[in-house]
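So the sequence shown is residues 336 to 562, counted in the working numbering.
Note that the Cβ used here is the ideal one computed from N, Cα and C, for glycine as well.
Predicted model, so just to flag it, every value in this text is computed and none were measured.
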Amino acid sequence: MVTKKDKQLTQQEVCPIGIVDCEWVEKISQLQQENEHLNTLVSTDPLTGLFNFRYFQKILDAEFQRTIRGGRPTSLIMIDIDFFKAVNDKWGHEAGNVALKTAAQVFQRELRQFDVICRYGGEEFVIILPQTPLPMAVKTAERIRVSLQHQQVKLDNASIHITASFGVNVFQSGHEMSHEAFVESVDQYLYQAKEQGRNRVCYPDFASIKSEASVSADEKAALFGKS
């Protein structure tokens, strides 16, 4: 019988010629650790600690393929911090950095472990919600919006509040849409939110995504906040 300890031993690097203190085993292990660290740096935004745009493109492609094969929807939320330039102009760029890091913490706090939050660029963020229909995505975006507007951004000599605008859309099996077109559609709803006064969530008419007759009770509750 192979025990867990035996498996751990077999997974360890061993010298191919049986030398106990083999310098090559140590070097290989060090190179593996350095490679993992570099992979983290390549996929991570240094300011917020979130994933970056490059990682977003990679994961979105994977979720598209999973939706096409398995039929479960992938939702996307795009977020833009409202009046971010005014924060920089009034309080300085370091204050802007604090605001971005605070927002990132709020987003992470309100998401599931398997949701993917990335810094899209500047003051924009994007969230991939795997296996998530539109009503649940809208509910998530609204929860984040409310949480963010109540979160204090603590600066050296002041505390300020920030808000954000949200665009949401869903990719479903059978949709003939490229990654670029899908992201652009979400961006259009984000633009709509900003045009309508900011600090709000905009998304497609639910009936255009799924007929009213096929909407489940759970989905209705998620969309309209009913228990």
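Taking just the CA atoms, how far does Ile403 sit from Ile416?
Ile416 and Ile403: Cα-Cα distance of roughly 32 Å.
Output the residue ranges of the beta strand (DSSP E) runs that lie fully inside the segment 453-537 and measure 3 residues or longer, sorted by chain position.
Fully enclosed beta strand (DSSP E) runs of 3 or longer: 459-464, 487-489, 494-496, 499-506.
Does the Cβ of Asn432 have 16 or more other Cβ atoms within 10 Å, making it buried, or fewer, making it exposed?
Exposed, since its Cβ has fewer than 16 Cβ neighbours within 10 Å.
Closest by CA to Leu435, which one among Asp450, Ile414, Val451?
Comparing alpha carbon positions, the residue from Asp450, Ile414, Val451 closest to Leu435 is Ile414.
Scan the segment 420-450 and note each continuous alpha helix (DSSP H) run of 4 residues or more that stays entirely inside, going in chain order.
When DSSP assignments are scanned along the segment 420-450, the uninterrupted stretches of alpha helix (DSSP H) that are 4 or more residues long and fall wholly within it turn out to be 428-444.
Kindly indicate which three-state DSSP category Leu376 falls into: helix, strand or coil?
With a pLDDT of only 49 at Leu376, under 50, the local geometry of the prediction cannot be trusted, and the value read off the model is given with reservation. Three-state result, Leu376: helix.
Whole-number beta carbon distance between Gly502 and Gln527, since they are thought to touch under 8 Å
Going by Cβ atoms, the distance from Gln527 to Gly502 rounds to 7 Å, so yes, they are a contact pair.
Restricting to Cα atoms, I'd like to know which of Ser378, Cys453, Gln531, Tyr390 is closest to Ile462.
The option with the nearest alpha carbon to Ile462 is Cys453.
Local conformation of Asp415 per DSSP, three classes:
If DSSP states are grouped into helix, strand and coil, Asp415 belongs with the strands.
Look up Thr409 in the DSSP assignment and give the residues it is bridged to.
BP columns for Thr409 point to Phe506.
For Ser562, which three-state DSSP category applies?
With a pLDDT of 38 at Ser562, under the threshold of 50, the modelled position of that residue is not reliable, and the figure given next carries that caveat. Three-state result, Ser562: coil.
According to DSSP, is Ser543 part of a helix, a strand, or is it coil?
For Ser543, the secondary structure class from DSSP, reduced to helix, strand or coil, is helix.
Classification of Ala582 by the beta-carbon crowding that lies within 10 angstroms, buried from 16 upward
Because residue 582 is not part of the residues shown, which for the chain are 336 to 562, the question remains open.
Within this structure, are the beta carbons of Ser482 and Lys529 separated by less than 8 Å?
No, they are not a contact pair.
Under a Cβ-count criterion, where at least 16 other Cβ atoms within 10 Å of its own Cβ denotes burial, should Pro381 be classed as buried or exposed?
Its Cβ having fewer than 16 others within 10 Å, Pro381 is exposed.
Answer with buried or exposed for Asn492, where buried requires no fewer than 16 other C-beta atoms within 10 angstroms of its C-beta.
Here Asn492 is exposed: its Cβ has fewer than 16 other Cβ atoms, across all protein chains shown, within 10 Å.
Can you tell me the Cβ-Cβ gap for Phe419 and Glu458, rounded? I've got them flagged as a contact below 8 Å.
Contact between Phe419 and Glu458 is confirmed by a C-beta separation of about 4 Å, below the 8 Å threshold.
Given Ala397, which residues of its chain have a CB within under 6 Å of its CB, disregarding the five upstream and five downstream residues?
Within its own chain, no residue has a Cβ closer than 6 Å to the Cβ of Ala397 once the five positions on either side in sequence are excluded.
Using DSSP with H/G/I as helix, E/B as strand and the rest coil, what is Glu369?
Per-residue confidence for Glu369 stands at a pLDDT of 48, beneath the threshold of 50, marking its modelled position as unreliable; the derived number appears in the next sentence. Here Glu369 sits in helix by DSSP.
Spatial distance of Gln487 from Ala438 (CA atoms)
One C-alpha to the other measures close to 10 Å.
Does the distance from the C-beta atom of Leu325 to that of Ile394 stay below 8 Å?
The chain is shown from 336 up to 562; residue 325 falls before or after that span and cannot be answered.
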